[in-house]
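Scroll down for the structure; my scribbles are underneath it.
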Amino acid sequence: MNRLNRRQFLTASALAAGGALMTSRLAFASANTTSRFVFIILRGALDGLTAVPPYGDVDYARLRGDIAIAAPGSANGAIKLDNLFGLHSNLRFLGDSYTARELVVFHAVASPYRERSHFDGQDVLENGFVRPHASQSGWLNRALAAAPSNGATSRKELGVALGQNVPLVMRGPASVASWSPSKLAALDEDTLDRITDLYARDPVLSKRLADALAANAIANEPASDLADSDDSSMTPQMAPAADVPAGSSQVLAKREQGKAAASARYVEVIRATANFLRRDDGPQIAVFDATGWDTHANEGGAQGQLAARLGALDAGLRTLKEQLGDTWQNTAVLIATEFGRTAAINGTRGTDHGTGAAAFLIGGAVQGGRVISDWPGLSASSLYEGRDLKPTLDTRSIMKGVLADHLRVPTAALEKEVFPDSARAKALSGLFRA
Amino acid sequence: MQEPFAPAIAANRFGLGARPGDLERIGGHAPDWLIAQLKGGAPVLTDTSLRSSQDILVQTLDVRRAQREAGGKKARKGAKPGADDVASNEAKAGGAGEAASEDSSARAAVIQKLLKLPQVYRPIYIDEATARLRHAASTDRPFVERLTQFWTNHFAVSIDKITVLGLAGAFEREAIRPHVLGNFTDLLLAVERHPAMLLYLDNYLSTGPNSRLARMATRRQTERKVGINENLAREILELHTLGVNGGYTQQDVTTFAQVLTGWSIGGNFGRLRDGEPGKFTFREALHEPGAKTVLGKRYSEDGESEGKAVLRDVAAKPATATFIATKLARHFIADEPPPSVVEKLAKSFTKSHGDLPTVYRTLVELSDSWAQPFAKFKTPTDYIVSSYRALDLPVDTSRRGLASFELLGQRTWSPGSPAGWPDRGADWDGASALMKRIEWADAVGQRVGAHQNALDLAAQVLGATLSDDTRKAISRAASGAQALTLLLTAPEFLRR
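Respectively, the protein sequence lines represent chains A and B. Here the first sequence is numbered in our numbering, starting from -12 and rising by one per residue. Here the second sequence is numbered in our numbering, starting from 4 and rising by one per residue.
Shown next, in the form of structure tokens:
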């Protein structure tokens, strides 16, 4: 970005702070479609059998012992989806969304990766290839580059990563922004000008600085057009109430404080995501991740470690919907993890790395209220390698369905650049409202 | 070798950043300056406040015991073998409520007065991380300190597991530092047997399916399932030695996990109270009996020694040499190091049977090491530490220094996964990350810029790598604060 443009950003930012709407001079391309997409990566391998318990499977309770989620209707039981599947009781927003037909739950899904390394598993989930480290770019970035009419505006950002750095899934030829909350004071304009000049001959740094300034302008925009929305939506509610017992000790109080601080940052990220996506001229796509799913020990069931994380994720999604306002109607959020966990619990009340996992597609644009799963069962003979939920649906089928029907990425690009060697993973159709 | 850049490369890429005067001292002897640092024992952190992991674990057990006693009958009744151990606090916090909900407020009041583990661990962490920063900012052997940080990251533990918050610093001092200038196998053994690692990767309660404890559990039909936890075994093979493509199978992971059953920590409650509290303890009762085959080799039943034997064999595999060589080359030479460099380092590793100083010497003597002045983008830690060194910033006991690491995205010892922090430019040079560095540099400029001659300092710490553009920008700055900010944000200071 040249210096003049940067000044325009700052001017625009100042206007926005004064309550005026920002002009379209920002560096985000005018999106060719109103569709919005959020991809949330759950790093560490979410236990799909606790998040989406197959309570109706005869082998489930036996395999899971005292961390099994009880059937709907019993104490701390699952939220009923159908006669086989439920949702963890802390996933209340997801449950409401299912009822409102805005949530599709996928079960027994996996990327093409069949080993059990987190890091390679995440690499495949993000690179869109069949093997780890097959590419330095990610499928979502390549899809952005291939989306209709984006080619002409390739210098503009159509995507934003909510984090200090851009994850692999968003790296590649298409230009993307990144943003994360800051506690430091903003610089004066003169110093920024001089640093901009200093980076003039450094293509990487000058690009990054321009992106950062553009992103700051949007992320810090006050949610003025949401002024009439329910104020309680701004309250961080990351700690699920069911997880906070009566008569809690100071340990719990401290934990709640810690959770509140973490949730405040999380809420800031969610709010910024909404700020980015609400804009008519803003990015179409946002990516962020959540960690802490690697529950090898003391995983917990209806309550405990994993339950608390699920509650936080659920509350974050509720906040996202509230902050997005009308834009929610055009939004789809895909939540996926690198692989599942062992069907049986291990010797330390947790689960080890597995294969088949659960995934979620949620949003106003989604044709929901369904579980999509060719359920393989949990009997000893149906487990993958005798230990894991057997995958029956390729994660790329979901991703291709989203890209084709929601973001209008041409089929040819999907098959060739975005997901090479994915012919057998056919795009799922009908995931979106007509 | 590009002679004029060599002193800056030695101080900034191999070391932790030049201090004023360093480049002059290095002069025409850059490789010698590095190799000389490898002589003598590894430096020891001498701060008297630092406590041993055993001491910290014993206090952990005391705190847990007090909580348990105050928790009363119901909590005790709910306790199962091994449930009241050093690491279960995080999980218990959710479950503790079950007991607490029916409890009288009097008992709740007693519990409230007790010391809690995060309260114990937080000051320990602050002392440790501060001592580490103080040492990094002032050491005359910065190459050794960079290597220490490299190995700590290679064998990563992460403070997002609460017990590790208390133990991460002790782990680095006890398991990493003594072996940084020693042999890889000794380093590996020290790391995998350290309580912090046994806790972090969940091995300390991993139980063989045919072990004494498992058979007892079956006989008594206890509801708690005992069994293998394969986390440590997998990460040793994938992340510590062979690498993910190093030729092992799921079966190797499972069997290796059986080999490692019994590698535990002394002094837990319940059935597992044997052993010296807070120290590595081999628990025969948890160990899977019988011969086991790992990576095609049969190991006959040998208790604690089985694990040592497998680790020694794995350390000597060619895949391990290549994996370590690749990581070293990536850290010191380039994000994508040339295969020839990796080969030379791997050969040095294999030929010397893992003698680390020999490998480091090979690294320093490679012409590739000196070919490019800005081959690497600094991590936030590199960036902060090199700023401290350039400016001789004081490391006080306030939390300000540590807050910088958090603000810039690399809280000390918190990589968040056993893979450690990533080591490529693209992992660290995001737009938002750059902006935070700029904001941080601005704050430092405002704080100390008025007392610095930034132009002189730039020449002192960047040497021949200082560009004309940066020199001009600094000399034209409107204030001392701005001049220093420009030095700290210059492209050549952001890289190493």
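We put the CB at the ideal spot given by N, CA and C, even for glycine. Just so it is clear, the structure is predicted and the values come from calculations on it, not from any experiment.
Practice prompt. Give me whichever residues DSSP pairs with Arg328(A) in a beta bridge.
Written response: The residue given as residue 328(A) occupies position 341 in the first sequence. DSSP, once it has assigned bridges, lists His340(A) as partnering Arg328(A).
Item to complete: Express the C-alpha separation of Lys116(B) and Gly74(B) in angstroms, rounding to a whole number.
Response: Residue 74(B) sits at position 71 when you count from the first residue of the second sequence. Residue 116(B) sits at position 113 when you count from the first residue of the second sequence. So the two alpha carbons sit approximately 12 Å from each other.
Worksheet item: Do you know offhand how far Gly357(B)'s Cα is from Pro154(A)'s?
Response: One-based indexing of the second sequence puts residue 357(B) at position 354. One-based indexing of the first sequence puts residue 154(A) at position 167. Computed Cα separation, rounded: 34 Å.
Worksheet item: Cβ of Leu192(A) less than 8 Å from any chain B Cβ?
Response: What you label residue 192(A) is simply residue 205 of the first sequence in a count that begins at 1. Yes, contact with chain B.
Worksheet entry | Contacting positions in the stretch 244 to 255 of chain B - beta carbon closer than 8 Å to chain A | Val247 and Gln253
Worksheet item: For Gln151(A) and chain B, any beta-carbon pair shorter than 8 Å?
Response: Reading the first sequence from its first residue, position 164 is the one you call residue 151(A). Yes, Gln151(A) counts as interfacial toward chain B.
Worksheet item: Mind pulling the chain B residues with CB within less than 7 Å of Asp198(A)?
Response: On the first sequence, position 211 is the one that residue 198(A) refers to. Ala434, listed in chain order.
Fill in: Exposure of Arg195(A), with buried meaning 16 or more beta-carbon neighbours within 10 Å
On the first sequence, residue 195(A) is found 208 positions in, with the first residue counted as 1. It is buried - the Cβ of Arg195(A) has at least 16 other Cβ atoms within 10 Å.
Worksheet item: Could you check where the beta strand (DSSP E) with Trp166(A) kicks off and where it finishes?
Response: As a first step, residue 166(A) is located in the first sequence; it is residue number 179 there, counting from the start. Looking at the DSSP string, the run of the beta strand (DSSP E) that includes Trp166(A) is Val163 to Trp166.
Fill in: Whole beta strand (DSSP E) elements within the stretch 219 to 306 of chain B, 3-residue minimum
266 to 268, 283 to 285, 295 to 297 and 300 to 302
Worksheet entry | Ser22(A) versus Pro190(A): straight-line alpha-carbon distance, rounded | Counting from one through the first sequence, the residue named residue 22(A) turns up at place 35. Counting from one through the first sequence, the residue named residue 190(A) turns up at place 203. Between Ser22(A) and Pro190(A), the C-alpha separation is close to 31 Å.
Discussion item. Taking CB distances under 8 Å as the criterion, tell me whether Trp362(A) reaches chain B.
Written reply: Numbered from its first residue, the first sequence carries residue 362(A) at position 375. It does not; no Cβ of chain B falls within 8 Å.
Worksheet item: From the beta carbon of Asp46(A), is the nearest beta carbon of chain B less than 8 Å away?
Response: Counted from its first residue, the first sequence places residue 46(A) at position 59. It does not: the Cβ of Asp46(A) has no partner Cβ on chain B nearer than 8 Å.
Worksheet item: How would you list, in chain order, the residues of chain B whose beta-carbon sits under 9 Å from the beta-carbon of His283(A)?
Response: Locating residue 283(A) in the first sequence gives position 296, counting from the first residue. Within 9 Å Cβ-Cβ: Leu204, Asp205, Asn232, Glu233 and Asn234.
Practice prompt. Please report how far the alpha carbon of Met157(A) lies from the alpha carbon of Glu144(A), in whole angstroms.
Written response: As a position in the first sequence, residue 157(A) is number 170, starting the count at 1. As a position in the first sequence, residue 144(A) is number 157, starting the count at 1. Each residue's alpha carbon lies about 11 Å from the other.
Discussion item. Please identify the residue among Asp177(A), Leu36(A), Ser193(A) and Thr183(A) whose C-alpha is closest to the C-alpha of Ala164(A).
Written reply: In the first sequence, counting from the first residue as 1, residue 164(A) sits at position 177. With distances taken between Cα atoms, Ala164(A) lies closest to Ser193(A).
Worksheet item: If we ignore side chains and look at the alpha-carbon of each, how far apart do Arg88(A) and Gln354(A) end up?
Response: Looking up residue 88(A) in the first sequence gives position 101. Looking up residue 354(A) in the first sequence gives position 367. Cα-Cα distance, rounded: 6 Å.
Fill in: Sub-8 Å separation of Trp422(A) and Phe406(A) beta-carbons
The structure shown has nothing for residue 422(A), since chain A only spans -12 to 421.
Worksheet item: In three-state terms, what does DSSP make of Thr318(A)?
Response: For the purposes of this step, residue 318(A) is taken as residue 331 along the first sequence, with counting starting at 1. Residue state, collapsed to three classes: strand.
Discussion item. If I measure Cβ to Cβ from Ser151(B) and keep anything under 8 Å in the same chain, skipping five residues before and after, which residues do I get?
Written reply: Looking up residue 151(B) in the second sequence gives position 148. Here the sequence assigns Thr to residue 151(B), which means Ser is not the residue at that position. Here the set comprises Ala45, Glu175, Ile179, Arg180 and Val183.
Practice prompt. Measuring only between beta-carbons, confirm whether Ile27(A) sits less than 8 Å from chain B.
Written response: Mapped onto the first sequence, residue 27(A) falls at position 40. For Ile27(A), the answer is no, since every Cβ of chain B falls outside 8 Å of its Cβ.
Worksheet item: Given 8 Å as the limit, is there contact between the stretch 63 to 81 of chain A and the stretch 389 to 399 of chain A, that is, 3 or more CB pairs closer than that?
Response: no
Worksheet item: Per DSSP, what kind of secondary structure is Lys67(A) in: helix, strand or coil?
Response: Reading the first sequence from its first residue, position 80 is the one you call residue 67(A). In this structure, Lys67(A) counts as strand in the three-state DSSP scheme.
Worksheet item: In chain A, which residues lie with their C-beta within 9 Å of the C-beta of Thr258(B)?
Response: As a working mapping, residue 258(B) is identified with position 255 in the second sequence. Residues of chain A passing the Cβ test: none, with the nearest at roughly 14 Å.
Fill in: Distance, Leu41(B) Cα to Ser355(B) Cα
If you number the second sequence from 1, residue 355(B) lands on position 352. If you number the second sequence from 1, residue 41(B) lands on position 38. Approximately 16 Å, taken between the alpha carbons.
Worksheet item: What is the DSSP secondary structure of Val45(A), reduced to helix, strand or coil?
Response: Numbered from 1 along the first sequence, position 58 holds the residue referred to as residue 45(A). The answer is coil: DSSP assigns Val45(A) none of H, G, I, E or B.
Worksheet item: For Phe352(B), which three-state DSSP category applies?
Response: The residue you call residue 352(B) lines up with position 349 of the second sequence. Of the three classes helix, strand and coil, the one that applies to Phe352(B) here is helix, per DSSP.
Worksheet item: Hey, how far is the Cα of Asn248(B) from the Cα of Tyr391(B)?
Response: The count along the second sequence starts at 1 and reaches residue 248(B) at position 245. The count along the second sequence starts at 1 and reaches residue 391(B) at position 388. Computed Cα separation, rounded: 39 Å.
Worksheet item: Buried or exposed: Pro227(A), going by 16 or more other Cβ atoms within 10 Å of its Cβ?
Response: Along the first sequence, read from residue 1 onward, the residue named residue 227(A) stands at position 240. In this prediction, Pro227(A) has a pLDDT of 32, which is less than 50 and means its spatial position is unreliable; what the coordinates show is noted afterwards. With 16 or more other Cβ atoms within 10 Å, it is buried.
Item to complete: Starting from Leu90(A), follow the alpha helix (DSSP H) in both directions and report where the run begins and ends.
Response: Taking the first residue of the first sequence as 1, we reach residue 90(A) at position 103. First-last for Leu90(A): Leu90 to Ala97, but that is the beta strand (DSSP E), not the alpha helix (DSSP H).
Discussion item. For Phe275(A), report the span of its beta strand (DSSP E) as first-last.
Written reply: To locate residue 275(A), count along the first sequence from 1; it is residue 288. Phe275(A) -> beta strand (DSSP E) spans Ile272 to Ala277.
Worksheet item: Is it true that the CB of Ala476(B) sits closer than 8 Å to the CB of Asp184(A)?
Response: By one-based count along the first sequence, residue 184(A) stands at place 197. By one-based count along the second sequence, residue 476(B) stands at place 473. Yes, the Cβ-Cβ distance between Asp184(A) and Ala476(B) is below 8 Å.
Discussion item. Measuring alpha carbon to alpha carbon, tell me which residue in Glu6(B), Pro10(B) and Phe17(B) is nearest Lys379(B).
Written reply: As a first step, residue 379(B) is located in the second sequence; it is residue number 376 there, counting from the start. Nearest option by C-alpha distance: Phe17(B).
Worksheet item: Taking C-beta to C-beta, are Trp416(B) and Ala171(B) nearer than 8 Å?
Response: For this step, residue 416(B) is matched to residue 413 along the second sequence. For this step, residue 171(B) is matched to residue 168 along the second sequence. In contact: Trp416(B) and Ala171(B) (Cβ atoms closer than 8 Å).
Worksheet item: Within the 8 Å Cβ cut-off, does Ile179(B) reach chain A?
Response: Position 176 of the second sequence, counting from 1, holds the residue named residue 179(B). Cβ-Cβ to chain A under 8 Å: no for Ile179(B).
Worksheet item: Nearest to Val147(B) by CA position, among Gly419(B), Ala14(B), Ala159(B) and Tyr207(B), is which residue?
Response: In the second sequence, counting from the first residue as 1, residue 147(B) sits at position 144. Per the Cα distances, Ala14(B).
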